[in-house]
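Colleague: Last residue of the sequence shown? That's 424 in the working numbering, and every number before it is there in order.
One structure, pasted below without further comment.
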Amino acid sequence: MATQAIGSEATRPQIAVAMPEPERSEVVAGLGEAGFDAFSIDLDAPLAEGFRPGTEHLLAVIDVSGKAAAAAANVANARRGRPHGLSVVFVATDQDLDALQAAGIDQADELMLRPFKVDELRWRLEAMAIRAQVPTSSSSDAVLSGGGVDSGWSPAVPVFAVFNPKGGVGKTTIATNLAAVLQLRKHMNVLLVDGDTVTGHVGLSLGLPNGRSMADSWVDEDAGYGHESLLDLATLHSSGIRVVALSTNPLHQPNLVPARVADAILEARQGVDAIVIDLHPSYSEVNLAVFAIADRILVPVTPDLPAMRAAIQLKDVAVEVGVRDRLAMIINRANSGVAVADMETTVGMKAMAQIRSAGLHFVWSANAGKTLIDKFPKHPATGDFEQLADRLLSAHAGTATVDRPKESSSMLKNLFGRKAISEA
Ligand SMILES: Nc1ncnc2c1ncn2[C@@H]1O[C@H](COP(=O)(O)OP(=O)(O)O)[C@@H](O)[C@H]1O
Ligand SMILES: [Mg+2]
Numbered sequence: 001m002a003t004q005a006i007g008s009e010a011t012r013p014q015i016a017v018a019m020p021e022p023e024r025s026e027v028v029a030g031l032g033e034a035g036f037d038a039f040s041i042d043l044d045a046p047l048a049e050g051f052r053p054g055t056e057h058l059l060a061v062i063d064v065s066g067k068a069a070a071a072a073a074n075v076a077n078a079r080r081g082r083p084h085g086l087s088v089v090f091v092a093t094d095q096d097l098d099a100l101q102a103a104g105i106d107q108a109d110e111l112m113l114r115p116f117k118v119d120e121l122r123w124r125l126e127a128m129a130i131r132a133q134v135p136t137s138s139s140s141d142a143v144l145s146g147g148g149v150d151s152g153w154s155p156a157v158p159v160f161a162v163f164n165p166k167g168g169v170g171k172t173t174i175a176t177n178l179a180a181v182l183q184l185r186k187h188m189n190v191l192l193v194d195g196d197t198v199t200g201h202v203g204l205s206l207g208l209p210n211g212r213s214m215a216d217s218w219v220d221e222d223a224g225y226g227h228e229s230l231l232d233l234a235t236l237h238s239s240g241i242r243v244v245a246l247s248t249n250p251l252h253q254p255n256l257v258p259a260r261v262a263d264a265i266l267e268a269r270q271g272v273d274a275i276v277i278d279l280h281p282s283y284s285e286v287n288l289a290v291f292a293i294a295d296r297i298l299v300p301v302t303p304d305l306p307a308m309r310a311a312i313q314l315k316d317v318a319v320e321v322g323v324r325d326r327l328a329m330i331i332n333r334a335n336s337g338v339a340v341a342d343m344e345t346t347v348g349m350k351a352m353a354q355i356r357s358a359g360l361h362f363v364w365s366a367n368a369g370k371t372l373i374d375k376f377p378k379h380p381a382t383g384d385f386e387q388l389a390d391r392l393l394s395a396h397a398g399t400a401t402v403d404r405p406k407e408s409s410s411m412l413k414n415l416f417g418r419k420a421i422s423e424a
């Protein structure tokens, strides 16, 4: 079965943009470049008439500017008779908030308070567009994966992304060793995805040959060859983990289509028990797409100011794209003399786990083509990784069976909360 990318005509969301110019054109163009079906509509036009029939996933961004009641009514009207719903971002100023609340906007709606950067709105919409297609445990048993329907999909397969916009903080080290500890100690089948062959290569550090990457496969697929999944492309490591790179050519990195990457990862969930992704240190569209589908975004932070500053910045971005509650800080090289509590206060995040410094053991492991977990099973840092895995799995067990809370409602609370604070 050929699985289509999220960006394919059949399933990609329509995004109606009702904003003043020049913002509107900028947003529509940006979303279009990212592969989404975005179009302009007039501020006062009936939203319901803007959408073409045939697509389940509808999103809209509506500038409220003094007309909150009319905007809310427009949305309510467009929602009538739509079983799959419509996700809306209201663009508003502080002055609109009371009227918006009075108009009774939906729990699922999001707010974008002025002032903001157009890019921030784009990221938010892209994350929503991808999320709109990501099945949740509450959705029906026939689950959409790209263009195809499959019933074997399991919500219990966690996707752990490892990210910090700063280099050298331990992303690759943590992704690789977490994958190994899940595979060897928790007896899960693990797929390790290398999303950063530019600044550090997972495959090389495991002594694996440069296999075909996802980007290589897409070139062939677009030329008419059959579809290959991440698992089809993965190389088996001696520990049992399967390793695949999104791209092995740094020049091709920008050509990765974000929605296609997200779809490939979701597709791979059918064949394994857990997926770990090592990400490139940038706020690329691909990374934002991965954030949108990840169950957890693990943020390694070393006890130094640049790493902590980068984590604070990441927190702000995560709020913007609606994934703040998925961030989990991991303190790396924890035994360096800086108190964990001080780091938590500075960054403003609780640490989920700590990994102590293992000195040259990582180097010796890499020289043997192994992870710390299989080369030095008794090292205390291996124990740290096991504890990290335990915490991640028990946190995931707590959320996998229950419906994941909507980020939008907490985001709404945050934004209203911010207003309350500024009024006090
Ligand atoms: N806990 C640790 N103890 C010792 N060395 C570490 C530890 N974490 C990372 N390193 C080393 O620091 C360097 C950078 O780590 P890496 O995982 O490549 O960071 P990133 O992927 O964030 O750029 C590597 O040489 C790695 O072996
Ligand atoms: Mg790295």
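The beta carbon of each residue, even a glycine, is placed where N, CA and C say it ideally should be.
Name, in chain order, the residues that DSSP records as bridge partners for Gly-195.
Modeller: Gly-195 is bridged to Leu-279.
Colleague: Provide the residue(s) that pair with Val-61 in DSSP beta bridges, ordered along the chain.
Modeller: Paired residue(s): Val-17 and Val-89.
Colleague: In the DSSP assignment, what residue or residues form a beta bridge with Ala-351?
Modeller: Beta-bridge pairing links Ala-351 to Met-329.
Colleague: Just the C-alpha distance for Val-169 and Ala-307, rounded to the nearest angstrom, thanks.
Modeller: The alpha-carbon atoms of Val-169 and Ala-307 are separated by roughly 7 angstroms.
Colleague: Compare the C-alpha of Ala-28 against each of Glu-126, Met-343 and Ala-68 and name the closest.
Modeller: According to the sequence provided, residue 28 is Val. The question's Ala does not apply to it. Looking at the Cα atoms, Glu-126 is the closest of the given residues.
Colleague: So which of Ile-105, Thr-235 and Thr-345 has the shortest CA-CA distance to Pro-209?
Modeller: Checked all of Ile-105, Thr-235 and Thr-345; the closest Cα to Pro-209 is Thr-235.
Colleague: Where does Ala-341 sit, in a helix, a strand or coil, going by DSSP?
Modeller: Three-state DSSP puts Ala-341 in a helix.
Colleague: Which same chain residues, not among the five before or five after Leu-279, have their C-beta less than 7 angstroms away from its C-beta?
Modeller: The residues are Ala-161, Val-162, Phe-163, Lys-171, Gly-195, Asp-196, Asn-287 and Val-290.
Colleague: Might you give, ordered along the chain, the residues of its own chain that have their beta carbon closer than 8 angstroms to the beta carbon of His-361, omitting 5 neighbours on each side?
Modeller: Leu-372, Lys-375, Phe-376, His-379 and Ala-381.
Colleague: Can you name the residues that DSSP bridges to Phe-39?
Modeller: DSSP, once it has assigned bridges, lists Ala-16 as partnering Phe-39.
Colleague: Across which residues does DSSP place Thr-235 in a beta bridge pair?
Modeller: DSSP, once it has assigned bridges, lists Val-243 as partnering Thr-235.
Colleague: With respect to 7 angstroms, is the separation between the Cβ of Thr-235 and the closest non-hydrogen atom of ligand 4 below this value?
Modeller: Only ligand 1 and ligand 2 can be found as ligands here, which leaves ligand 4 out of the picture.
Colleague: Output the boundary residues of the beta strand (DSSP E) element that contains Glu-110.
Modeller: Its beta strand (DSSP E) spans residues 110-113.
Colleague: Apart from the five residues just before and just after Gly-167, which ones in its own chain have a Cβ nearer than 6 angstroms to its Cβ?
Modeller: Hits under 6 angstroms: Thr-199 and Pro-281.
Colleague: Less than 6 angstroms between C-beta atoms, sequence neighbours within five positions excluded: which residues of the same chain meet that for Gln-14?
Modeller: The answer, listed in chain order, is Asp-37, Phe-51, Thr-55 and Leu-58.
Colleague: Taking Cβ positions, are Ala-215 and Ala-262 nearer each other than 8 angstroms?
Modeller: No. Outside cutoff.
Colleague: My guess is that Val-272 and Leu-191 are in contact by the Cβ rule of under 8 angstroms, so how many angstroms apart are they, rounded?
Modeller: About 5 angstroms separates the two Cβ atoms, so the contact holds.
Colleague: By DSSP, does Val-299 sit in helix, in strand, or in coil?
Modeller: Val-299: strand per DSSP, three-state reduction.
Colleague: Under the criterion of a Cβ to heavy atom distance below 7 angstroms, does Gly-200 qualify as lining ligand 2?
Modeller: Result yes, Cβ under 7 angstroms from ligand 2.
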